[in-house]
Amino acid sequence: MIPAMLPAQRLSFQLLIDSDTKIKRRDIRKLVSNLPYEGLEKMKQPNRHFPGNAIKTTKYTLLFFIPMNLFEQFHRLANIYFLGLAILNFVPVVNAFQPEVALIPICVILALTALKDGWEDFRRYQSDRKLNNTPDWSQQFVERRWKDVRVGDFVKVICNEIIPADLLLLHTSDPNGVCHIETANLDGETNLKQRRVVPGLSTSVSI
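In UniProt numbering, the protein residues as written are 1 to 207.
Structure below.
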């Protein structure tokens, strides 16, 4: 998709979701341009109810890493088995060796797995941070980070550039209002998919 710049007048779009060929009033989603509301505090912006564009693929937080990771690890049958053996060694009748020694295997397994999970989650955090802070250009070529793109913003995407969010195609450089996108990051398909400008906008919008 290659949405383009628009003049700074108030525009609104209604995306109609057609269910069984009958358009229901509750399915109407009204999007208002953010351009006339630049500089206003967040509570006064018309699109404040929509979620932001920041992504988060991490599983843990610093505060809840240990309890969440232990909860996840004890869903594995092998860990429950080792924990059961360690508990049995605290019973004098059935213990085979020192109870403290019995705790070593399960503690080592839990610690190594936690380190691995923590490292993988940290890598996901770094990837999220890099992606969320990727520069984007909006309005009059103003640089903005991906995570700061909001519903109602107009975004210009250049050829071969990664699309920063779900976008409504308003204008392309093609006179017929056609563009081609690749969705390999989403579904693995490398073939180009054709998209067209919203009907009626291709001739009324200019960069």
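Even glycine gets a Cβ: it sits at the ideal position worked out from N, Cα and C.
- Task: Would you list, in sequence order, the uninterrupted alpha helix (DSSP H) runs of no fewer than 4 residues that lie entirely inside the segment 142-191?
- Result: 184-187
- Message: Taking the straight line between their C-alpha atoms, what separation do you get for Gln194 and Cys179?
- Response: Computed Cα separation, rounded: 6 Å.
- In the DSSP assignment, find the alpha helix (DSSP H) that holds Gln194 and state where it starts and stops. No alpha helix (DSSP H) contains Gln194, which is instead part of the beta strand (DSSP E) from 193-196.
- Query: On the premise that Leu85 lies in contact with Ala111, defined as a C-beta separation below 8 Å, what is that separation, rounded to the nearest angstrom?
  - Reply: At roughly 17 Å, the Cβ-Cβ gap does not stay under 8 Å, so Ala111 and Leu85 are not in contact.
- Query: How is the alpha helix (DSSP H) around Pro67 delimited, first residue to last?
  - Reply: Judged by DSSP secondary structure, Pro67 falls within the alpha helix (DSSP H) whose first and last residues are 65-73.
- Go ahead and pull the three-state DSSP assignment for Pro199. coil
- Can you name the start and end residues of the alpha helix (DSSP H) that Thr61 belongs to? It is not in any alpha helix (DSSP H) - Thr61 carries neither H nor E in the DSSP assignment.
- Task: With DSSP collapsed to three states, give me the class of Pro135.
- Result: DSSP places Pro135 in strand when its eight states are reduced to three.
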